[in-house]
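S.K.:
Numbering (this note's numbering), first residue to last: 10 to 209.
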């Protein structure tokens, strides 16, 4: 059984004590769904490529499906599932098995927002997806290549008032970086106590 087998992931995430941030009435909350499947060469994760939109700071980025919590969401897991349905037409209740929750991640130092990742395993072979106007495409990324650093790369992105190089993972010619990249580092640390994140 490998570190990235579905069986190992299910056990490790199920036993993990989730780290949560203290929130205040002004804290904004969001949630994402990390959807896994067994691919031809190992475990893969689903990423969306956001549609290009002027004025959107996440325009064109690769990310897990998800978004902000709404007032009528039962909880943050419901937020992740609702947003996944709205963005790509994937009903996680029907087509996937819930595994557990990962550590919360702060969006960035200038925004009081925390993001909660929830983990699922796809159980329907290639369910039909319907993209919203917010999504340009979906890509399946090789988690083994990410964990080993085989597809580790970097790219220069705007960072506040300057440009700097950020690490990321190459997936189908795109790059998974930023918040989603940090979630993956936290995920790998849960699965593999010996894992050491690449230096920025």
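Heads up, the beta-carbon is just placed ideally off N, CA and C, and yes, glycines get one too.
Check for me: the alpha helix (DSSP H) holding residue 123 runs from which residue to which?
M.R.: Per DSSP, residue 123 belongs to no alpha helix (DSSP H); it is in the beta strand (DSSP E), 120 to 131.
S.K.: How many Å lie between residue 145 and residue 39 at the Cα?
M.R.: Going by the C-alpha atoms only, they are around 21 Å apart.
S.K.: Residues in its own chain within less than 7 Å of residue 19 by CB, not counting five upstream and five downstream?
M.R.: 108, listed in sequence order.
S.K.: Could you give the uninterrupted runs of the beta strand (DSSP E) lying entirely in the stretch 67 to 155, keeping only those of 3 residues or more?
M.R.: List check, beta strand (DSSP E) in window: 75 to 77, 105 to 110, 114 to 117, 120 to 131 and 144 to 151.
S.K.: Could you pull out every residue in the same chain whose Cβ sits closer than 6 Å to the Cβ of residue 172, ignoring the five residues on either side in sequence?
M.R.: The residues are 165.
S.K.: From the DSSP output, which residues share a beta bridge with residue 164?
M.R.: Answer by DSSP bridge pairing, in chain order: 175.
S.K.: Give the single residue among 81, 76, 112 and 138 whose Cα lies nearest to the Cα of residue 100.
M.R.: Of the candidates 81, 76, 112 and 138, the one whose C-alpha sits nearest the C-alpha of residue 100 is 138.
S.K.: Roughly how many angstroms lie between the CA atoms of residue 179 and residue 35, to the nearest whole one?
M.R.: Distance between the alpha carbons of residue 179 and residue 35 is about 35 Å.
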